[in-house]
Every structure is written in structure tokens, then in C-alpha cells.
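In my numbering, the protein residues as written are 514 to 744. Here a beta-carbon is modelled for each residue, glycine too, at the ideal position from N, C-alpha and C. Quick caveat, the model's predicted, so the values are computed rather than measured. So the structure is just underneath, and the comments pick up after that.
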Amino acid sequence: MTEKILVVDDEKSIVDVIAYAFKREGYSVETAYNGQEALNKIESFKPHVMIIDVMMPVMNGHEVCKKLDNRENLGIVMLTAKNDIVDKIVGLELGADDYITKPFDIREILARVKSLIRRLNKTSSEAEETDIQIKDMKIILNQRKVIIKGKELELTPKEFDLFVHLVSHIDRVYTRDNLLDLIWGMEYIGGTRTVDIHIQRLRKKLGKPYEDIIQTVYRVGYKAIGQVYED
Numbered sequence: 514m515t516e517k518i519l520v521v522d523d524e525k526s527i528v529d530v531i532a533y534a535f536k537r538e539g540y541s542v543e544t545a546y547n548g549q550e551a552l553n554k555i556e557s558f559k560p561h562v563m564i565i566d567v568m569m570p571v572m573n574g575h576e577v578c579k580k581l582d583n584r585e586n587l588g589i590v591m592l593t594a595k596n597d598i599v600d601k602i603v604g605l606e607l608g609a610d611d612y613i614t615k616p617f618d619i620r621e622i623l624a625r626v627k628s629l630i631r632r633l634n635k636t637s638s639e640a641e642e643t644d645i646q647i648k649d650m651k652i653i654l655n656q657r658k659v660i661i662k663g664k665e666l667e668l669t670p671k672e673f674d675l676f677v678h679l680v681s682h683i684d685r686v687y688t689r690d691n692l693l694d695l696i697w698g699m700e701y702i703g704g705t706r707t708v709d710i711h712i713q714r715l716r717k718k719l720g721k722p723y724e725d726i727i728q729t730v731y732r733v734g735y736k737a738i739g740q741v742y743e744d
């Protein structure tokens, strides 16, 4: 299968360079020049990865992420001219999988996107056929779905990968560095804070009492437990 890349930036010269590089590597590529156009292309093109600039007219990159109702297997790499950790953390909280600061080397974007696609494909292909059930929560691995009492949660690819890894190894304690290496597979902007942000978002989406499946191990990291307790 040819992976599909959506490139979004209001600077045509940047779009052209990135699009050309990925087409040359054999990817299917579509382009957009503002946030609203990006949302339309996501609906029609259904890309595997979106490379999107933060600062754009009509709708910026962060606003696009907010409007995505169902991420499914869409990986997001954000481009920014800002070298500000707060700006990067905002993107991560909104579901970005990676961040690259302008000016960039096109080889870095290629490497980062290829790494992201490998991780998405690896998680999908290595998932066991046996679903995971904890009380009224079911994880359907081959469909990458988490369903609680009949309602599907809207998880980003990284949130799903992180949650599945923890609940597949009940009571095993992982440090933040362990999880960063296992789930992100590379030195990641924001460091171990990235893991904490994703855990916080996961707990919020799981809601009570399922948020308690993910336990904090004081001064160490996190683990999952195989049961929940109703109030």
C-alpha cells in the first residue's frame, strides 16, 4: 500500500519542496494552503500522515487539530517557526505526534515521517487478534478501537499505542524513558513530559472509573491494572 501524505502550509515554496521530496520517495501526496482546505482534504484524501504548519491564515494548525472529530490512524507532524517549548506542548496536547522547527532540513522531515509511519504500521501489524476486555471496556486491536459501554473513544494513534502497551503488560512498571523509547522510538521534543501529557489526556478520555486503570508509580513512571472499581 502506498502511504498518503498531506502537506499543509500557506507558503507555496515550502509545500512544493516537501511534496516533491515525498513524491520522489514514492508516496502519494496532496497539498493544502490553509486550515480549512486541510480539513476538506483530510475528508476526501484520507491521508496516513499530515505535515501541517502552525501559523496559517483562515485556520491555523492548532485549530485544525481541534476540529478533527476522528483521528483514527492519522499521524500529525507540525511545522513551526517558533522554538518555544510551550508552543510545542500545546501541539502535543492537541494530538500532534511530532514537531519540526523551521528552518528545517528536508531529510529530517523524510526521516521523521518514515519513522512515524513505521510505528503506526508496526503497531497495527503486530497487534494480537485477541481483544482486551476490562469490565465494560473492550479494546479491539485489529480495528484500533477502544469502546466503553458501547461508546467508542476518540484516541490519537499515540494515545492508542500507549494505552494498549500498558494494558497488554498488566502490573508491569515502565519508566517515562521506557515508554518514550517504546512508543515514540526516538529522541522526542518535550522529553518525558510528552509521556505525562499523553497519560493525562488518556485518563481524561477514559473517564471514571476507567481512568484508574493507568496507575502512577511514584518517582518511577506508570503501570496498568487489570480491574476497575465502581464508586
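Under 8 Å between the Cβ atoms of residue i and residue j?
| i | j | result |
| --- | --- | --- |
| T669 | G734 | no |
| H678 | I696 | yes |
| E543 | L581 | no |
| L587 | P616 | no |
| L675 | L715 | yes |
| V528 | G548 | no |
| V741 | I726 | yes |
| I710 | L605 | yes |
| I555 | I622 | no |
| V686 | V730 | yes |
| K717 | Q728 | no |
| D522 | L607 | no |
| I531 | I653 | no |
| L719 | T705 | no |
| A594 | V577 | no |
| I712 | V680 | no |
| E667 | K658 | no |
| H575 | V603 | yes |
| K517 | F558 | yes |
Span of the alpha helix (DSSP H) holding residue i?
| i | result |
| --- | --- |
| L719 | R706 to L719 |
Just list the residues that DSSP pairs residue i with in beta bridges.
| i | result |
| --- | --- |
| G734 | T688 and V730 |
Quick one: give me the first and last residue of the beta strand (DSSP E) that residue i is part of.
| i | result |
| --- | --- |
| L519 | K517 to V521 |
Pull up the CB-CB distance for residue i and residue j, whole angstroms please, since I reckon it's below 8 Å.
| i | j | result |
| --- | --- | --- |
| V567 | V590 | The pair is not a contact, with the Cβ atoms about 11 Å apart (cut-off 8 Å). |
| Y723 | I661 | 6 Å |
| Y540 | K525 | That belief does not hold up - the Cβ atoms of Y540 and K525 are roughly 19 Å apart, past 8 Å. |
| D610 | K671 | 6 Å |
Could you confirm whether any beta carbon from chain B is found closer than 8 Å to the beta carbon of residue i?
| i | result |
| --- | --- |
| E606 | Among the chains in the structure shown there is no chain B, since it carries only a single protein chain. |
Point to revise | Runs of alpha helix (DSSP H) lying entirely within the stretch 633-697, each at least 4 residues, in chain order | key: Complete alpha helix (DSSP H) runs here, min 4: 670-680 and 689-692.
Point to revise | Complete alpha helix (DSSP H) runs within the stretch 533-573 (minimum length 4 residues, chain order) | key: 548-558
Practice item. Could I get the ranges of all uninterrupted beta strand (DSSP E) runs contained in the stretch 585-612, with 3 residues as the minimum, in chain order? Key: Within the stretch 585-612, the complete beta strand (DSSP E) runs of at least 3 residues fall at 588-593.
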